[in-house]
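Student: Protein chains in written order, with numbering that gives the first Met the number 0: chain X, 0 to 263; chain L, 0 to 337.
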Amino acid sequence: MLMGGLILLATLLVVAPLILIFAYLIREGLGAVNLDFFTKVPAPEGETGGGLANAILGSVEMLAMASVLGVLVGVSGGIFLSEYPRHPLMPTVRMISDVLAGIPAIVMGLVAYGLIVLQFGFSGFAGALALGFLMMPIVVRTTEEVLKLVPQTVREAGLALGLPKWLVTLRIVLPAAAGGIVTGVMLALARVAGEAAPLLFTAFGNSAINLDPSKPMSALPLEIYRGATSAYDENQRLAKAGALLLITLIFLTSLLARRASRRK
Amino acid sequence: MSEPTQSRPNRLPAPASLSSRSDRLFEILILTLASVIVLVFALSIYQLGTESWPALKRFGLDFFTQRTWNPVQGSYGAVAMITGTLVTSLVALAISVPLAIASALFVAEYAPRWLANPVGYLIELLAAVPSVVYGLWALFVIAPVLSRWEQGFFQAPEKIALYTACKNLWDSGSTTLQCFFVPSSFDGRGLALAIIILTVMILPYTASVARDVIRLVPQDQREAMYALGATKWEVISRAILPYARAGIMGGVILALGRALGETLAVAMVIGDSQDALKSLFGGASTMASVIANQFGDAQEALHRSSVVTLGLTLFFLSVIVNYVARLIIGRLTPKGIQ
Chain X
0 MLMGGLILLA
10 TLLVVAPLIL
20 IFAYLIREGL
30 GAVNLDFFTK
40 VPAPEGETGG
50 GLANAILGSV
60 EMLAMASVLG
70 VLVGVSGGIF
80 LSEYPRHPLM
90 PTVRMISDVL
100 AGIPAIVMGL
110 VAYGLIVLQF
120 GFSGFAGALA
130 LGFLMMPIVV
140 RTTEEVLKLV
150 PQTVREAGLA
160 LGLPKWLVTL
170 RIVLPAAAGG
180 IVTGVMLALA
190 RVAGEAAPLL
200 FTAFGNSAIN
210 LDPSKPMSAL
220 PLEIYRGATS
230 AYDENQRLAK
240 AGALLLITLI
250 FLTSLLARRA
260 SRRK
Chain L
0 MSEPTQSRPN
10 RLPAPASLSS
20 RSDRLFEILI
30 LTLASVIVLV
40 FALSIYQLGT
50 ESWPALKRFG
60 LDFFTQRTWN
70 PVQGSYGAVA
80 MITGTLVTSL
90 VALAISVPLA
100 IASALFVAEY
110 APRWLANPVG
120 YLIELLAAVP
130 SVVYGLWALF
140 VIAPVLSRWE
150 QGFFQAPEKI
160 ALYTACKNLW
170 DSGSTTLQCF
180 FVPSSFDGRG
190 LALAIIILTV
200 MILPYTASVA
210 RDVIRLVPQD
220 QREAMYALGA
230 TKWEVISRAI
240 LPYARAGIMG
250 GVILALGRAL
260 GETLAVAMVI
270 GDSQDALKSL
280 FGGASTMASV
290 IANQFGDAQE
300 ALHRSSVVTL
310 GLTLFFLSVI
320 VNYVARLIIG
330 RLTPKGIQ
């Protein structure tokens, strides 16, 4: 009974930070979420008002670009691992994608810096590339897992009808696993949407609204970082509101994704 | 693409030769896209390697054994960041592992179903909170509490004398065990805050792996113990935990990998001091925090290169740690737990 009590206490300790963080952000940030928050850019330091339109748009644009890379390479990687298990390169790809999943995001930022920023300067492209690198291994893993759940008999039925393997894969196996793959992509998006570290010296941030991906671009996590470390109350308030928005979006995405995958 | 089915009624078609060309093309396409992963890995090593080269050529192995990190003098030694990274990660791990295992036991063994699922959900959400949000919360909520304690420490005159003695020691580059617990900064930022926030951040990784392996422990194992008259805790400590031990170990190493590379939350609260660790309640730095705090401002080539060398070190460290974790988890659980 004593151990049971201790275990309950430990569980409360584990869950408490989540509740405390959410409550704090609602208390401090909710007041700043209004129309201006979504339509204006941050006011110059020391002045009041403004919003995070630049960051919201930048985040959406970079995540969209990152998804192209993350989904294309990630789903292909998952197909490769699941449908070509006897291919001589398969163990290498599997091991590297596992290891890549654990590389710190900031290191991926350094890599994207070397690949893009050194030649072309800070840009939304560089930020999206870093985020795409981070998405790839997550999508590979989940795609492989759900493809393996598709019964072998389904593939055999397709092949028995005389369909070539590529058609079986694209028209029968992938659609059967589509729900799970979408879930995986959503979880990957939720994961990288909150990353600020790899954007520090790739997308760099931009205090104006910028939709041109070849120029420096802002993102929600970047503005949260800048605001939280700023000395001005107004910037801190915007950062808290931004954190509330980000965390709400991420929670909703993960909950929706998990619910969808659980129903299967 | 053309419809590749071709009927050859008189001979039994060998399935492999059916439409083999389009299959071959598809395989090449998939393989090409999949190898982007390998390419990114190789490019990362190349990129980090070439950019680290100037610093590595200049300092050699001294880079990892020298204590001074001083952009003004142009001397770069990473001892402070390496110890900072190891100390924050290992201490955070030591605090979080028992808590994580306890919460996993709660979800898998103690809680009724209606409670287990929501609590499991909450723990997974904890892993979804972005690093920068943890940093913001630590900075605005926990730092002031620590700061009050640090300032209160010096209410008594003998504590001020102690601080003065320690300050002299720190300035001369040495310290004592006692001085390690004397505050050296008073804004709440420092090693202790970094450890606290890291502990919270890595909890869910160990907790969810532990929960999954505990659920994999065969039911017979439990029933046999209960049949012998064992109490719940005896079943857990003698039948469940030993059985799940290796899997939990994999989860712990995975969490270690996270802790080593955790960047912004740590960078925001650790106080960014490159003096080798002197006080638990004072500034320090980790490899990741130095990259975040200094790479953007590093003008001088050698400074840049030294920061990238930290990135390269972190890269290899996480490759090794994650490889070991996957090895352990992969070997233990045939059904593949992430």
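Note that CB positions come from ideal geometry on N, CA and C, so glycine has one too.
#1: Going along the region 260 to 271 of chain L in order, which residues come within less than 9 Å of chain X, judged by CB to CB distance?
#2: Less than 9 Å separating the beta-carbons of residue 200 (chain L) and residue 123 (chain L)?
#3: Between the C-alpha atoms of residue 85 (chain L) and residue 183 (chain L), what's the straight-line distance to the nearest angstrom?
#4: Please state the DSSP three-state secondary structure of residue 83 (chain X).
#5: Counting only Cβ-Cβ distances shorter than 8 Å, please list the residues of the region 125 to 145 of chain L near chain X, keeping chain order.
#6: Measure the CB-CB distance between residue 231 (chain L) and residue 3 (chain X) and report whether it falls below 9 Å.
#7: Check whether the region 297 to 312 of chain L and the region 127 to 145 of chain L are in contact - that is, three or more C-beta pairs closer than 8 Å.
#8: If I follow the unbroken alpha helix (DSSP H) through residue 222 (chain L), where does it start and stop?
#9: Listed from N- to C-terminal order along the chain, which residues in the region 278 to 302 of chain L have their beta-carbon within a distance smaller than 8 Å of any beta-carbon of chain X?
#10: Are the C-beta atoms of residue 194 (chain X) and some chain L residue less than 9 Å apart?
#11: If the cut-off is 7 Å on Cβ atoms, which residues from the region 205 to 220 of chain X count as contacting chain L, listed in chain order?
#12: Starting from residue 232 (chain L), follow its DSSP beta bridges and name the residues at the other end.
#13: Cβ atoms of residue 189 (chain L) and residue 77 (chain L): under 9 Å apart, would you say?
#14: In this structure, does DSSP put residue 203 (chain X) in helix, strand or coil?
#15: Among all the DSSP beta bridges, which residues are the ones paired with residue 216 (chain X)?
#16: Indicate whether residue 133 (chain X) and residue 194 (chain X) have their beta-carbon atoms separated by less than 9 Å.
#17: Between residue 202 (chain X) and chain L, is any beta-carbon pair separated by less than 9 Å?
#18: Given 8 Å as the limit, tell me if residue 85 (chain X) has its C-beta closer than that to any heavy atom belonging to the ligand FAD.
#19: Inspect the beta-carbon positions of residue 302 (chain L) and residue 45 (chain L) and report whether they are closer than 9 Å.
#20: Within 10 angstroms of the Cβ of residue 244 (chain L), are there 16 or more other Cβ atoms? Answer buried if so, exposed if not.
#21: Under a Cβ-count criterion, where at least 16 other Cβ atoms within 10 Å of its own Cβ denotes burial, should residue 69 (chain L) be classed as buried or exposed?
#22: Helix, strand or coil for residue 96 (chain X)? Go by DSSP, reduced to three states.
#23: Which residue comes first and which comes last in the alpha helix (DSSP H) that contains residue 228 (chain X)?
#24: So, for residue 255 (chain X): in the same chain, excluding its five sequence neighbours on each side, which residues have a beta-carbon less than 6 Å away from its beta-carbon?
#25: Just verifying my parser: in three-state terms, what is the DSSP assignment at residue 209 (chain X)?
#26: With a threshold of 9 Å between beta-carbons, can residue 66 (chain L) be considered close to chain X, or not?
#27: Using the C-alpha atoms, what's the distance from residue 187 (chain L) back to residue 238 (chain X)?
#28: Can you round the beta-carbon distance between residue 185 (chain X) and residue 252 (chain X) to whole angstroms, since I take them to be within the 8 Å contact cut?
#29: Determine the chain X residues that contact residue 42 (chain L) at a beta-carbon separation under 8 Å, and present them in chain order.
#30: Check whether the Cβ atoms of residue 36 (chain L) and residue 96 (chain X) sit closer than 9 Å, and answer yes or no.
#31: For a contact meaning CB atoms closer than 9 Å, what does residue 322 (chain L) contact in chain X?
#32: Going by other Cβ atoms of all chains shown within 10 Å of its Cβ, with 16 needed for buried, is residue 236 (chain L) buried or exposed?
#33: Give the residues from the region 31 to 65 of chain X that approach chain L closer than 7 Å (Cβ to any Cβ), ordered along the chain.
#34: If you drop the 5 nearest sequence neighbours on each side, which residues of the same chain put their C-beta closer than 6 Å to that of residue 219 (chain X)?
#35: If residue 61 (chain X) and residue 127 (chain X) are in contact, beta carbons under 8 Å, what's the gap, nearest whole angstrom?
#36: Does the separation of the CB atoms of residue 79 (chain X) and residue 33 (chain L) fall below 9 Å?
Tutor: Quick look at the numbers:
#1: 260, 261, 262, 263, 266, 267
#2: One thing to note: residue 200 (chain L) has its Cβ no nearer than 9 Å to the Cβ of residue 123 (chain L).
#3: 21 Å
#4: coil
#5: Of all residues in the region 125 to 145 of chain L, 125, 127, 128, 129, 130, 131, 132, 133, 134, 135, 136, 138, 139, 140 have a Cβ within less than 8 Å of some Cβ in chain X.
#6: Cβ atoms of residue 231 (chain L) and residue 3 (chain X): closer than 9 Å.
#7: Cβ pair count under 8 Å is below three, so no.
#8: 218 to 226
#9: Taking 8 Å as the Cβ-Cβ cut-off, the region 278 to 302 of chain L approaches chain X at 287, 290, 291, 294, 295, given in chain order.
#10: Yes, because at least one Cβ of chain L sits closer than 9 Å to the Cβ of residue 194 (chain X).
#11: Shown in chain order are the members of the region 205 to 220 of chain X whose Cβ falls below 7 Å from a Cβ of chain L: 220.
#12: Answer is none; residue 232 (chain L) lacks a bridge partner.
#13: Taking 9 Å as the cut-off, the Cβ atoms of residue 77 (chain L) and residue 189 (chain L) do not count as close.
#14: In the displayed model, residue 203 (chain X) falls within a strand according to three-state DSSP.
#15: DSSP links residue 216 (chain X) through a beta bridge to X:203.
#16: The answer is yes: Cβ separation under 9 Å.
#17: Interface criterion not met: the Cβ of residue 202 (chain X) is under 9 Å from no Cβ in chain L.
#18: Although the ligand FAD was asked about, the structure shown includes no ligands whatsoever.
#19: no
#20: exposed
#21: exposed
#22: helix
#23: Unbroken run through residue 228 (chain X): none, as it is neither H nor E.
#24: none
#25: coil
#26: Not closer than 9 Å to any Cβ of chain X, the Cβ of residue 66 (chain L) fails to qualify, so no.
#27: 20 Å
#28: Indeed, because the Cβ distance is near 5 Å, the residues count as touching under 8 Å.
#29: 110, 114
#30: yes
#31: 94, 97, 98, 101
#32: exposed
#33: none
#34: 54, 58, 241, 245
#35: 4 Å
#36: yes
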